[in-house]
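Data first, discussion second: the structure below is written as structure tokens.
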Amino acid sequence: MYLLNPLKKKLENILKDFKIVENLDLKISNNLSYDLQINNLVKQQKNKKIEEITSKFIEEIEKDLNISDYEITKDYFINLNLDLNRYLDILENVETNIKVKKQKKIIIDYGGPNIGKPLHVGHLRSLNIGRSLYNINKIAGNKIISDIHLGDWGMPVAQIINFCENKGIDIEKLETAQLEEIYPSASSLYKQDINFQETAKNINKKLNDSDPEYLKKWMSIKNISLDSIKKMLGTLNHTFDLWLGESDVNKIIPKMLKDLEKNKKISLENGAYVSNEKTDPKILITKSDGSYLYLTTDLATVLNRLDNLDFDAIFYVVDKRQKLHFEQLFNSLDYFQFEHKHYEHVSFGTINDRDGNPFKTREGGTKQLKELLDETKNYINEININLDFETVEILANTVLTYSDLITNRQTDYKFDLKRFTNISGKTGIYVQYALVRAKKLISDSDFSEDNDKIDISKLDKQDTDLLKALFKFEILFKKSIENNEPHHIADYLYEISNLFNAIYQSENILNNNNKIVRTNKLTITNYFIRYSLLLQKCLGIKPVSKM
RNA sequence: GCUCUCGUAGCUCAAAUGGAUAGAGCAACAGACUUCUAAUCUGUAGGUUAUAGGUUCGAGUCCUAUCGAGAGCGCCA
């Protein structure tokens, strides 16, 4: 925590003097009458020098002007209260205080959508979590690149081409809607029909070998599909720095395989390349006809990034069911001695329907994202028929984002539209509403950011509750960025929105005759707006101006 | 069969990585609207953290076993 960094250092040095090398365990206090707690001394209860350490701690704590009061329990929990005067200054500079000390360069890989298939519910979390991590890191001052990493290669495309050729469909003249219907049929045919399977595999191999005729067909499918994917992503307010795909590394794969074989890292087994690393199961690098797999392109993608991009880390924001794949990928990167970077699978659980079953349409197909968005819009329209088109669209996006980010990403959660569009509770609608009220309040007042200041002597409990909550921003932001977990921020946004609503509701602010109290509450409202906007930005939510 | 997750209030989820009395939201119940947007607010109730052991000053969190649920397992991505 920025404000207490000097104290933190001093206390850590005291610990070091007593040969205890650890970071200061500074947390939000469990004790409601205190702001923060320090837990390091609890485990030193048996230390013979505990009293000596404690008194040195007390000495430093008493010297620190940021601490208004403190207690040390008989178990050696240390509780601290912060001085309000001191930390109002800190609230003012939150954006600069949360900057990281050492800038990192991070690539976010979305394990992107496949061409030929419309965006479906399964893509939602990757998009939301990815965008949130992107924004959070950017706000923290990290350099960050997003790559959608399209699934534009391999068997699915081959199946589509094969299907079109079989049915005499002119690929050049395909319409999006038609294309989206083809893939499910092609995929089920592939599972049933051996001949279809064979020809599809051949087409895949030809694509791998850069056959010009098939590349042309592939490109045409990709263009059609990408147009519709981009449009839908635009509606959902997602953009990417790089729109690369698996196909972009196709040409560097032969050399990669050759080098790996030369270095005795892989060898041929029944025509397929297998990693020489002793693992169970063995890691398959290519198929037995020499064509490429998911792992082949992922390895090549890393090589490509190492050659062309400057980065410290890659975060793969991909479904947790692919854990084994990423274990194999990271293992292999290490074993093949690719340049060492921080590679991480930022995994997440599945979205199920409200009964906990996989999200399907009524007909049993995969539920499309567009359908979900439309349902959400309709629902919001039913609640309030007076909203304009743009507000409904933003609110629907808010619901799809906030409800997705409020749960820990590892948890499989149930998407319950009724619950998520609920007016009260931890919902996107609620946090938007609180912000709208606050903004209206300021615009109806004569509040001026430059002239009006808080008078601490006239704050009531609700005021300080919100101010103290705002102070936690730094801690929760840090927690989110360190663990790649946006849900801390989502939950915290609800917390401050709720505290603001409580102030708003308890008495009329604009009609308050006491000018100091009025100015206090308006200044606090203004802080709330700033923090709410910042948090919404972290989550990838666009604020509405009215609702 | 092997491997990996998970089991917390009626329901949906948290729990700062081993810290104090396990927290929120929904639903339920009791209150507050001639309103700065009540799409709100205040309060009450709700728990042997699946079960049984263990590790230690301290366990929802770590270890072992059992029960239950889910996921993955070389030529799909």
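All residue numbers in the first sequence are consecutive under this note's numbering, ending with 1748. Think of the CB as a built atom: it goes at the ideal place given N, C-alpha and C, for glycine as much as any other residue.
Please work out which residues of its chain come closer than 7 Å, Cβ to Cβ, to residue i, disregarding the five sequence neighbours upstream and downstream, and give them in chain order.
{"i": "Glu1696", "result": "Ala1670"}
{"i": "Gly1312", "result": "Ser1327, His1350, Tyr1517, Val1518, Val1519"}
{"i": "Thr1720", "result": "Asp1653"}
{"i": "Leu1667", "result": "Ile1697, Leu1700, Phe1701, Ile1704, Ile1725, Phe1729"}
{"i": "Thr1612", "result": "Gly1550"}
{"i": "Ala1378", "result": "none"}
{"i": "Thr1497", "result": "Ile1454, Ile1486, Thr1487"}
{"i": "Asn1471", "result": "Ser1489"}
{"i": "His1689", "result": "Leu1677, Lys1680, Ser1681"}
{"i": "Asn1315", "result": "Gly1352, Pro1357"}
So residue i is in the beta strand (DSSP E); what residue range does that whole segment cover?
{"i": "Ile1697", "result": "Looking at the DSSP string, Ile1697 is not in any beta strand (DSSP E); the run it does join, the alpha helix (DSSP H), is 1688-1707."}
{"i": "Phe1219", "result": "From DSSP, Phe1219 is part of no beta strand (DSSP E); its letter is neither H nor E."}
{"i": "Ile1467", "result": "1467-1470"}
{"i": "Phe1539", "result": "Where Phe1539 is concerned, there is no enclosing beta strand (DSSP E), given that its DSSP letter is neither H nor E."}
{"i": "Asp1270", "result": "1268-1273"}
{"i": "Leu1281", "result": "1279-1283"}
{"i": "Lys1257", "result": "Not the beta strand (DSSP E): Lys1257 falls in the alpha helix (DSSP H), residues 1251-1264."}
{"i": "Leu1500", "result": "Run containing Leu1500: none in the beta strand (DSSP E); it sits in the alpha helix (DSSP H), 1495-1509."}
{"i": "Val1518", "result": "1514-1520"}
{"i": "Val1475", "result": "1473-1476"}
{"i": "Ile1655", "result": "First-last for Ile1655: undefined, no H or E at that position."}
{"i": "Asp1310", "result": "1306-1310"}
{"i": "Ile1710", "result": "Premise fails: Ile1710 is in no beta strand (DSSP E) and is neither H nor E."}
{"i": "Gln1238", "result": "1237-1239"}
Just the Cα atoms here: how many angstroms apart are residue i and residue j?
{"i": "Lys1302", "j": "Gly1342", "result": "9 Å"}
{"i": "Ile1239", "j": "Lys1247", "result": "17 Å"}
{"i": "Ile1372", "j": "Asp1554", "result": "35 Å"}
{"i": "Ala1359", "j": "Ser1426", "result": "15 Å"}
{"i": "Ser1429", "j": "Lys1406", "result": "27 Å"}
{"i": "Arg1506", "j": "Asp1442", "result": "14 Å"}
{"i": "Glu1594", "j": "Asn1582", "result": "10 Å"}
{"i": "Thr1274", "j": "Leu1242", "result": "10 Å"}
{"i": "Ser1681", "j": "Lys1402", "result": "44 Å"}
{"i": "Glu1223", "j": "Lys1217", "result": "8 Å"}
{"i": "Asn1214", "j": "Lys1264", "result": "16 Å"}
{"i": "Phe1674", "j": "Leu1292", "result": "9 Å"}
{"i": "Asn1232", "j": "Asp1556", "result": "38 Å"}
{"i": "Asn1336", "j": "Gln1304", "result": "15 Å"}
{"i": "Asn1464", "j": "His1541", "result": "18 Å"}
{"i": "Leu1204", "j": "His1321", "result": "45 Å"}
{"i": "Asp1746", "j": "Leu1570", "result": "Per the sequence presented here, residue 1746 reads as Ser, with Asp not at that position. Distance between the alpha carbons of Ser1746 and Leu1570 is about 25 Å."}
{"i": "Leu1510", "j": "Ala1501", "result": "14 Å"}
{"i": "Asn1396", "j": "Leu1504", "result": "36 Å"}
{"i": "Tyr1631", "j": "Lys1228", "result": "28 Å"}
{"i": "Met1748", "j": "Thr1592", "result": "7 Å"}
{"i": "Tyr1474", "j": "Tyr1277", "result": "60 Å"}
Taking residue i as part of the alpha helix (DSSP H), name the residues at either end of that continuous run.
{"i": "Tyr1631", "result": "1629-1645"}
{"i": "Glu1545", "result": "Per DSSP, Glu1545 belongs to no alpha helix (DSSP H); it is in the beta strand (DSSP E), 1543-1549."}
{"i": "Lys1716", "result": "1716-1740"}
{"i": "Phe1672", "result": "1662-1672"}
{"i": "Leu1204", "result": "That residue, Leu1204, is in no alpha helix (DSSP H); it is neither H nor E in DSSP."}
{"i": "Asn1298", "result": "1295-1298"}
Excluding the 5 residues flanking residue i on each side, which residues of the same chain have their C-beta closer than 8 Å to its C-beta?
{"i": "Asp1284", "result": "Leu1266, Asn1267, Ile1268, Ser1269"}
{"i": "Glu1576", "result": "Leu1618"}
{"i": "Ile1361", "result": "Gly1317, Leu1380, Ile1383, Tyr1384, Ala1387, Ile1422"}
{"i": "Ser1707", "result": "Gln1663"}
{"i": "Asn1609", "result": "Glu1686, His1688"}
Take residue i and list the residues in its own chain whose beta-carbon comes closer than 6 Å to its own, dropping the five residues that flank it on each side.
{"i": "Ile1381", "result": "Note that residue 1381 corresponds to Glu in the displayed sequence, not to Ile. Counting only Cβ-Cβ distances below 6 Å, and skipping sequence neighbours, we find Pro1319."}
{"i": "Gly1499", "result": "A quick correction: the sequence has Asp, not Gly, at residue 1499. These residues qualify, in order along the chain: Leu1530."}
{"i": "Leu1723", "result": "Ser1646, Phe1648"}
{"i": "Tyr1693", "result": "Leu1677"}
{"i": "Ile1346", "result": "Ile1308, Asp1442"}
Taking 7 Å as the cut-off, does the CB of residue i come closer than this to any heavy atom belonging to the ligand HEM?
{"i": "Lys1716", "result": "By its list of ligands, the structure shown contains no ligand whatsoever, and the ligand HEM lies outside what it can speak to."}
Subject >> Meets three-Cβ-pair contact criterion under 8 Å: the segment 1695-1707 and the segment 1625-1642 >> reply: yes
Original post:
Is it true that the segment 1597-1610 meets the segment 1328-1341, where meeting means three or more beta-carbon pairs spaced less than 8 Å apart?
Top reply: yes
Subject >> Any alpha helix (DSSP H) of 4 or more consecutive residues that is wholly inside the segment 1559-1591 >> reply: 1570-1584
Original post:
At a cut of 8 Å, does the segment 1352-1361 reach the segment 1442-1451 through at least three beta carbon pairs?
Top reply: yes
Original post:
Where in the segment 1405-1460 do unbroken runs of the alpha helix (DSSP H), each at least 4 residues long, occur, reported from the N-terminal end onward?
Top reply: 1413-1436
Original post:
Between the segment 1404-1413 and the segment 1291-1300, are three or more C-beta pairs nearer than 8 Å?
Top reply: no
Original post:
Between the segment 1501-1516 and the segment 1531-1549, do three or more beta carbon pairs fall short of 8 Å?
Top reply: yes
Subject >> Meets three-Cβ-pair contact criterion under 8 Å: the segment 1380-1396 and the segment 1430-1439 >> reply: no
Subject >> Ordered list of beta strand (DSSP E) runs contained in the segment 1603-1627, each at least 3 residues >> reply: none
**OP:** Scan the segment 1321-1403 and note each continuous beta strand (DSSP E) run of 3 residues or more that stays entirely inside, going in chain order.
**Re:** 1344-1348
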